[in-house]
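Residue numbers (the working numbering): -2 to 140.
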C-alpha cells in the first residue's frame, strides 16, 4: 500500500463521517418538525457506509496485491419506523382524535450515533496525522 493511498483511505473516512455527522445534526434539528413538504412529520435519516474495495477478493488473492480504497456513502435511507403519537388537541397538526404524529427521531439514539461518528472521525484524523509524521521522519532520515 502506497503512502498516498493511505492518505486517500483516511480522507475518505473523514468525508464519510462528516456527512454522517451532518445527517445526524439534521435529525436532531428536526426532532419537533411535525409537517414537511409532503405533509408528514420529519422522518429520521440514516447513512449507509460501505467499503470501496472488495474484502472477499482480498482474502482470495495474495494480500500483498491488495489495493484498499477506503469507504464511501452508499445511500441515505429514511427510517421506516412508526411515528410517535402525542395527545395535543390544540396543536394545528392534530388529527380528529387530538393526536399529533411526531418524528421518529430519538435524541438518545442520535446522541450515541453522533458520539460514534465523532470517534470514527477522530480515529481517521489520528491515522492521517500519523502518516504525516512518518513522512516527515522519512524526509529527516534522507538529510
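Note that CB positions come from ideal geometry on N, CA and C, so glycine has one too. Nothing here was measured: the structure is a model prediction, and the numbers come from that model.
Just verifying my parser: in three-state terms, what is the DSSP assignment at residue i?
i           : result
residue 33  : coil
residue 98  : strand
residue 20  : helix
residue 109 : helix
residue 87  : coil
residue 78  : coil
residue 138 : helix
Identify, in the order they occur along the chain, each residue of the same chain with its Cβ nearer than 6 angstroms to the Cβ of residue i, setting aside the five sequence neighbours on each side.
i          : result
residue 17 : 44 and 114
Could you tell me the alpha carbon to alpha carbon distance between residue i and residue j, rounded to whole angstroms?
i          : j           : result
residue 48 : residue 95  : 47 angstroms
residue 9  : residue 69  : 7 angstroms
residue 28 : residue 2   : 39 angstroms
residue 40 : residue 124 : 35 angstroms
Are the C-beta atoms of residue i and some chain C residue less than 8 angstroms apart?
i          : result
residue 42 : No chain C is part of this structure, which consists of one protein chain only.
Leaving out the 5 sequence neighbours to the left and right, which residues in its chain are closer than 7 angstroms to residue i when beta-carbon positions are compared?
i          : result
residue 88 : 97
(request) Could you say if the segment 71 to 82 and the segment 27 to 45 meet the contact criterion of at least three C-beta pairs nearer than 8 angstroms? (result) yes
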